[in-house]
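Engineer:
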Amino acid sequence: MEKGQMDNIKTELSSFGLDVTNIIPDGNIHRCHTAAKRKKNLDGWYVCRDFKNSFWCIYGCWIRGEQGKCSTLNGTGTVNHEAWEKLEEQRQIEAIIREKEGRIRAEKYIAESIDIDQPHAYLDKKQISTCGTLRNGNLIVIPLYNKDGIISSYQTISETGRKQFMPGGIVGGCCYPIPGNEKVVCICEGFATGASINAATGHKVLVALNAGNIVKVAKSAKERFPNSEILLCCDNDHSKEKNVGLETGKKVAKDLGLAYVYPTGIKGSDFNDMAIEKSIDIVAQSINQRLAINMVTIDDVNSCSRTLYIPKEAIPAGLIREGVEASGQDIIQYTLPLILTVISRAIAGKICFAGHHPNIYNIKVGGTSTGKSETDKLFKTHMNIEKFFGLTDMASGPGLLRSISENPCGLGLFDEVSSLFQHYGQSDPVRDGKINMLLELYSASGGYIKRVYGDSRNSIEINNPCFSLIGNATPTIFDTIKTEDFETGLMQRFNFWMYEGLIPPKKIFHKPDDILKIEAFIQRLNDIVMSKPPQSELANAMGISFPLSASKDALILLQEYSDSIIEAANNESDEGKKGIISRQYELCIKYAMGHHASVGDLYIDMTSADFQFGILIAGLLSDWKLTILDKQVVSGEFHKSCEVFKQAIVASMKAGRGNPTFAYMTSRRTILKNWDQKYSKEVIEVLKKRKEVVTQEIDGITRYYLVKI
Numbered sequence: 060m061e062k063g064q065m066d067n068i069k070t071e072l073s074s075f076g077l078d079v080t081n082i083i084p085d086g087n088i089h090r091c092h093t094a095a096k097r098k099k100n101l102d103g104w105y106v107c108r109d110f111k112n113s114f115w116c117i118y119g120c121w122i123r124g125e126q127g128k129c130s131t132l133n134g135t136g137t138v139n140h141e142a143w144e145k146l147e148e149q150r151q152i153e154a155i156i157r158e159k160e161g162r163i164r165a166e167k168y169i170a171e172s173i174d175i176d177q178p179h180a181y182l183d184k185k186q187i188s189t190c191g192t193l194r195n196g197n198l199i200v201i202p203l204y205n206k207d208g209i210i211s212s213y214q215t216i217s218e219t220g221r222k223q224f225m226p227g228g229i230v231g232g233c234c235y236p237i238p239g240n241e242k243v244v245c246i247c248e249g250f251a252t253g254a255s256i257n258a259a260t261g262h263k264v265l266v267a268l269n270a271g272n273i274v275k276v277a278k279s280a281k282e283r284f285p286n287s288e289i290l291l292c293c294d295n296d297h298s299k300e301k302n303v304g305l306e307t308g309k310k311v312a313k314d315l316g317l318a319y320v321y322p323t324g325i326k327g328s329d330f331n332d333m334a335i336e337k338s339i340d341i342v343a344q345s346i347n348q349r350l351a352i353n354m355v356t357i358d359d360v361n362s363c364s365r366t367l368y369i370p371k372e373a374i375p376a377g378l379i380r381e382g383v384e385a386s387g388q389d390i391i392q393y394t395l396p397l398i399l400t401v402i403s404r405a406i407a408g409k410i411c412f413a414g415h416h417p418n419i420y421n422i423k424v425g426g427t428s429t430g431k432s433e434t435d436k437l438f439k440t441h442m443n444i445e446k447f448f449g450l451t452d453m454a455s456g457p458g459l460l461r462s463i464s465e466n467p468c469g470l471g472l473f474d475e476v477s478s479l480f481q482h483y484g485q486s487d488p489v490r491d492g493k494i495n496m497l498l499e500l501y502s503a504s505g506g507y508i509k510r511v512y513g514d515s516r517n518s519i520e521i522n523n524p525c526f527s528l529i530g531n532a533t534p535t536i537f538d539t540i541k542t543e544d545f546e547t548g549l550m551q552r553f554n555f556w557m558y559e560g561l562i563p564p565k566k567i568f569h570k571p572d573d574i575l576k577i578e579a580f581i582q583r584l585n586d587i588v589m590s591k592p593p594q595s596e597l598a599n600a601m602g603i604s605f606p607l608s609a610s611k612d613a614l615i616l617l618q619e620y621s622d623s624i625i626e627a628a629n630n631e632s633d634e635g636k637k638g639i640i641s642r643q644y645e646l647c648i649k650y651a652m653g654h655h656a657s658v659g660d661l662y663i664d665m666t667s668a669d670f671q672f673g674i675l676i677a678g679l680l681s682d683w684k685l686t687i688l689d690k691q692v693v694s695g696e697f698h699k700s701c702e703v704f705k706q707a708i709v710a711s712m713k714a715g716r717g718n719p720t721f722a723y724m725t726s727r728r729t730i731l732k733n734w735d736q737k738y739s740k741e742v743i744e745v746l747k748k749r750k751e752v753v754t755q756e757i758d759g760i761t762r763y764y765l766v767k768i
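Taking this note's numbering as reference, the numbering of the sequence shown is continuous, increasing by one, and the terminal residue is 768.
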């Protein structure tokens, strides 16, 4: 029996990457070979002991900075915490001794090293500076500091690029810091990558030395730099079977709520390769105009602001910036969507790309009197372009369609749309008809719509519609949104620009210069509206939009983006999230066309800059839905129902019912009796997705467990 138990533990250690021939269960730390380093090493370890007829083992790898544990239970199925505690105590003692010994050896070696005062083949090949590193003979010496700033180990790099850590040194949680502006703190894998990032951006860089160490360095960075943006600069190992660098970065970003960026369009895999293949300026552009996403964890979501983060890169030079500046509005979450939507209206029915048209549905969301409608009124007052705006209200779905038939490319300007979402799907055919018609119009852009009624005089035909919408709403718009709404076009087609802040000062009068800026912006819009594409007569006769082409670099970027979106969508099990992720590609193209119109001739090839902007905006909007809106499904009545359900579990447990059934919980919270089966299931599914509640089926009865977060 003992041999069988030991074989199970050996299997666990082997799958972790440790090479152990005979396990010694004496409660002491034993060093062993780890697959994390190819050459002979003793950087793996395990502690195993026999405790109450079972074997208990803790194991780990000092190079990767990771550990795990396993046991062979004695048949009772009960976890013995005393056994784990004893093993952990022994591991901690060994770790303290090992760290102290390693620190002494590292400090001695570094004290013997000198500043790099002569050319080095590795630095020349990588086209980087020394960044404060040292030299010991012909080796570059990179000191590794722990989270307290104490030297714990080092890495050496030969002239040929061979890298080696100090034997027996601790790497996990340690890094090499390259000084820089701490407004943004970048974290990367290799020294050359970090040197290139620092040279390109001026940002402070923490070099983690390997992908497995990034999570520990990132956790430490969040604590040490609470007022900085922590940015993961991942390797993109696209040429390898498994893209470890990018997959690790994405996981760490998601788990810790950080932003990430990675190089694309190069043969190599990291930002140093990008600097060599292209230029240091391209590295700066890739990072500063990054496609990074500010992500929010489950633990953070209840305490964070729901305001949509908009970086300065979202306001590029050209017509977009001119419109933002002309608005005189301080809240960019209100101004930018309006400007992007009116530009989309200006190019509506004129251009398309790969079958996609520039129609967009944007909704500004914010508290009462925060200024959502002020800029709308300003632009509408001075707008002198014929049929630029379409309807401002809609009585019904057919009424909406008839209005669109009279102005297929008009811009819908709605001052209040909260009620449409609050009551959608709740037995209100009029409201449902409006939303359903808007969804149909969105999908039919650039196509053909026909409605035949009993009286043929009332029939409706629309050719090449391209209807965009800008609306205003208060946060109550989210009160009754449920998870099922994420699986429909409702959440996938409407974009929300959320501002959750103070009421700004009111402008009583607009200065003459402000009015001149608005009029100049509108004139630029009019020039676009009046512009005619090549072969315009043929296009107009056929009632179609002019199909744009794109440069070779732009097509490569778009293809890489498409591949990454498809991969992310396929890896997502939640159907609602899958839909939002996959629609980023279409959304990217729509906003890219707006950028294209903003910076130059409307009918020339689209550029990489156009798609970079589209990717940025699509990512910001989509990830806000995935990280903020989805986790707060949410405020309002539905969220209150989730809280009621959790309170019912607590009340039932206090009443001595352990983990209760739904039937018993209704006796503790009678409001649950009013929920129909579908609504109850919806509440429970949301709580399970949030990992606040788990369920267990026992003899056909479901019992509920409250998880402490």
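Positions of the beta carbon are idealized from the N, C-alpha and C atoms, including for glycine.
Below 8 angstroms on the Cβ atoms is my guess for Ala-656 versus Ile-587; work out the distance and round it to an integer in Å.
Structural biologist: As a working mapping, residue 656 is identified with position 597 in the sequence shown. As a working mapping, residue 587 is identified with position 528 in the sequence shown. Yes, Ala-656 and Ile-587 are in contact; Cβ-Cβ is about 6 angstroms, under 8 angstroms.
Engineer: Should Asn-523 be labelled buried (16 or more other beta-carbon atoms within 10 Å of its own) or exposed?
Structural biologist: For this step, residue 523 is matched to residue 464 along the sequence shown. With 16 or more other Cβ atoms within 10 Å, it is buried.
Engineer: Tell me the DSSP secondary structure of Asp-572 in three-state form.
Structural biologist: In the sequence shown, residue 572 corresponds to position 513, counting from 1. Helix at Asp-572.
Engineer: Mapping DSSP to helix, strand and coil, what is Asp-474?
Structural biologist: Position 415 of the sequence shown, counting from 1, holds the residue named residue 474. Three-state result, Asp-474: coil.
Engineer: Scan the stretch 399 to 455 and note each continuous beta strand (DSSP E) run of 3 residues or more that stays entirely inside, going in chain order.
Structural biologist: 420 to 425
Engineer: Quick one: what does DSSP say Leu-528 is sitting in, helix, strand or coil?
Structural biologist: As a working mapping, residue 528 is identified with position 469 in the sequence shown. Three-state DSSP puts Leu-528 in a strand.
Engineer: Is the stretch 186 to 193 touching the stretch 252 to 263 in the sense that three or more CB pairs, one from each, lie closer than 8 angstroms?
Structural biologist: yes
Engineer: Distance, Cα to Cα, Leu-500 vs Ala-343?
Structural biologist: Position 441 of the sequence shown, counted from the first residue, corresponds to residue 500. Position 284 of the sequence shown, counted from the first residue, corresponds to residue 343. Going from the Cα of Leu-500 to the Cα of Ala-343 covers about 40 angstroms.
Engineer: With burial defined as no fewer than 16 other Cβ atoms inside 10 Å of the residue's Cβ, what is the status of Gln-643: buried or exposed?
Structural biologist: For this step, residue 643 is matched to residue 584 along the sequence shown. Counting Cβ neighbours within 10 Å, Gln-643 comes out buried, since at least 16 surround it.
Engineer: For the pair the stretch 553 to 560 and the stretch 675 to 683, tell me if three or more CB-CB distances fall below 8 angstroms.
Structural biologist: yes
Engineer: Helix, strand or coil for Phe-75? Go by DSSP, reduced to three states.
Structural biologist: Locating residue 75 in the sequence shown gives position 16, counting from the first residue. Three-state result, Phe-75: helix.
Engineer: Per DSSP, what are the beta-bridge partners of Gln-214 in this structure?
Structural biologist: Within the sequence shown, numbered from 1, the residue matching residue 214 stands at position 155. Partner(s): Ile-201, Phe-224.
Engineer: Taking DSSP's pairing of strands, which residues face Leu-743 in a bridge?
Structural biologist: What you label residue 743 is simply residue 684 of the sequence shown in a count that begins at 1. Checking the sequence shown, residue 743 turns out to be Ile, not Leu. Answer is none; Ile-743 lacks a bridge partner.
Engineer: Once the 5 residues before and after Asn-347 are set aside, which same chain residues still bring their CB inside 6 angstroms of it?
Structural biologist: If you number the sequence shown from 1, residue 347 lands on position 288. Nothing listed; no residue qualifies.
Engineer: Please classify Asp-622 as buried or exposed, where buried requires at least 16 neighbouring CB atoms within 10 angstroms.
Structural biologist: Here residue 622 refers to the residue found at position 563 of the sequence shown. With fewer than 16 other Cβ atoms within 10 Å, it is exposed.
Engineer: According to the neighbour-count rule (16 or more other Cβ atoms, all chains shown, within 10 Å of its Cβ), is Glu-241 buried or exposed?
Structural biologist: By 1-based counting over the sequence shown, the position of residue 241 is 182. By the neighbour-count rule (16 or more Cβ atoms within 10 Å), Glu-241 is not buried but exposed.
Engineer: Less than 8 angstroms between C-beta atoms, sequence neighbours within five positions excluded: which residues of the same chain meet that for Pro-563?
Structural biologist: Start at 1 with the first residue of the sequence shown, and residue 563 comes out as number 504. Only Asp-389, Ile-390, Thr-429, Gly-430 meet the Cβ criterion.
Engineer: Please work out which residues of its chain come closer than 6 angstroms, Cβ to Cβ, to Gly-271, disregarding the five sequence neighbours upstream and downstream, and give them in chain order.
Structural biologist: Position 212 of the sequence shown, counting from 1, holds the residue named residue 271. The answer, listed in chain order, is Arg-123.
Engineer: Rounded to whole angstroms, what's the CA-CA distance from Tyr-393 to Leu-528? Just pull it up for me.
Structural biologist: Position 334 of the sequence shown holds residue 393. Position 469 of the sequence shown holds residue 528. Computed Cα separation, rounded: 14 angstroms.
Engineer: Leaving out the 5 sequence neighbours to the left and right, which residues in its chain are closer than 7 angstroms to Phe-75 when beta-carbon positions are compared?
Structural biologist: The sequence position of residue 75 within the sequence shown is 16, counting from 1. Same-chain partners within the cutoff: Tyr-118, Gly-127.
Engineer: In whole angstroms, what separates the C-alpha of Glu-645 from that of Leu-450?
Structural biologist: Walking along the sequence shown from the start, residue 645 turns up at place 586. Walking along the sequence shown from the start, residue 450 turns up at place 391. Rounded to whole angstroms, Glu-645 to Leu-450 spans 25 angstroms at the Cα level.
Engineer: Is the separation between the beta-carbon of Val-489 and that of Gly-530 shorter than 9 angstroms?
Structural biologist: The count along the sequence shown starts at 1 and reaches residue 489 at position 430. The count along the sequence shown starts at 1 and reaches residue 530 at position 471. No. Outside cutoff.
Engineer: Mind checking who Val-244 pairs with in its DSSP beta bridge?
Structural biologist: Locating residue 244 in the sequence shown gives position 185, where the first residue counts as 1. Answer by DSSP bridge pairing, in chain order: Lys-263, Ile-289.
Engineer: Which partner residues does Leu-193 have in the DSSP bridge list?
Structural biologist: Within the sequence shown, residue 193 is the residue found at index 134, counting from 1. Asp-174, Val-200.
Engineer: Less than 9 angstroms between the C-beta atoms of Ile-676 and Tyr-650, yes or no?
Structural biologist: As a first step, residue 676 is located in the sequence shown; it is residue number 617 there, counting from the start. As a first step, residue 650 is located in the sequence shown; it is residue number 591 there, counting from the start. It is a contact, given that the beta carbons lie within the stated cut-off.
Engineer: Looking at C-alpha atoms only, which residue of Lys-184, Tyr-558, Asn-197, Ala-627 is the closest neighbour of Ile-687?
Structural biologist: By one-based count along the sequence shown, residue 687 stands at place 628. With distances taken between Cα atoms, Ile-687 lies closest to Tyr-558.
Engineer: Let me make sure I understand the geometry here. Which of Ile-422, Gly-324, Leu-291, Gly-659 has the alpha-carbon closest to that of Leu-367?
Structural biologist: What you label residue 367 is simply residue 308 of the sequence shown in a count that begins at 1. The shortest C-alpha separation from Leu-367 is found at Ile-422.
Engineer: For Tyr-181, tell me which candidate among Leu-198, Tyr-168, Ile-169, Ser-172 has the shortest Cα-Cα distance.
Structural biologist: In the sequence shown, residue 181 corresponds to position 122, counting from 1. The option with the nearest alpha carbon to Tyr-181 is Leu-198.
Engineer: Counting pairs of Cβ atoms below 8 angstroms between the stretch 321 to 329 and the stretch 268 to 286, do you hit three or more?
Structural biologist: no
Engineer: What does a CB cutoff of less than 6 angstroms around Arg-365 pick up in its chain, not counting 5 residues either side in sequence?
Structural biologist: Taking the first residue of the sequence shown as 1, we reach residue 365 at position 306. Once the five neighbours on either side are set aside, the close Cβ partners of Arg-365 are Met-557, Glu-559, Ile-687.
Engineer: Determine the extent of the alpha helix (DSSP H) in which Asp-612 is found, giving its start and end residues.
Structural biologist: Position 553 of the sequence shown, counted from the first residue, corresponds to residue 612. Segment 611 to 629, the alpha helix (DSSP H) holding Asp-612.
Engineer: Can you tell me which of the three DSSP states Gln-186 falls into?
Structural biologist: For the purposes of this step, residue 186 is taken as the residue at position 127 of the sequence shown. Reduced to three states, the DSSP call for Gln-186 is coil.
Engineer: CB-CB under 6 angstroms to Thr-135, same chain, minus the five flanking residues each way: which ones, in chain order?
Structural biologist: By one-based count along the sequence shown, residue 135 stands at place 76. In this predicted model, Thr-135 has a pLDDT of only 43, less than 50, meaning its place in the structure is not dependable; the value taken from the coordinates is given anyway. Correct list: empty, nothing qualifies.
Engineer: Closer than 8 angstroms is the cut-off here; do at least three beta carbon pairs connect the stretch 367 to 387 with the stretch 609 to 620?
Structural biologist: no
Engineer: Going by C-alpha to C-alpha distance, which of Lys-111, Val-753, His-415, Val-320 sits closest to Phe-605?
Structural biologist: On the sequence shown, position 546 is the one that residue 605 refers to. Looking at the Cα atoms, His-415 is the closest of the given residues.
Engineer: Could you check the C-alpha separation between Gly-251 and Gly-239 for me, to the nearest Å?
Structural biologist: As a working mapping, residue 251 is identified with position 192 in the sequence shown. As a working mapping, residue 239 is identified with position 180 in the sequence shown. The amino acid occupying residue 251 in the given sequence is Ala; Gly does not appear at that position. Going from the Cα of Ala-251 to the Cα of Gly-239 covers about 16 angstroms.
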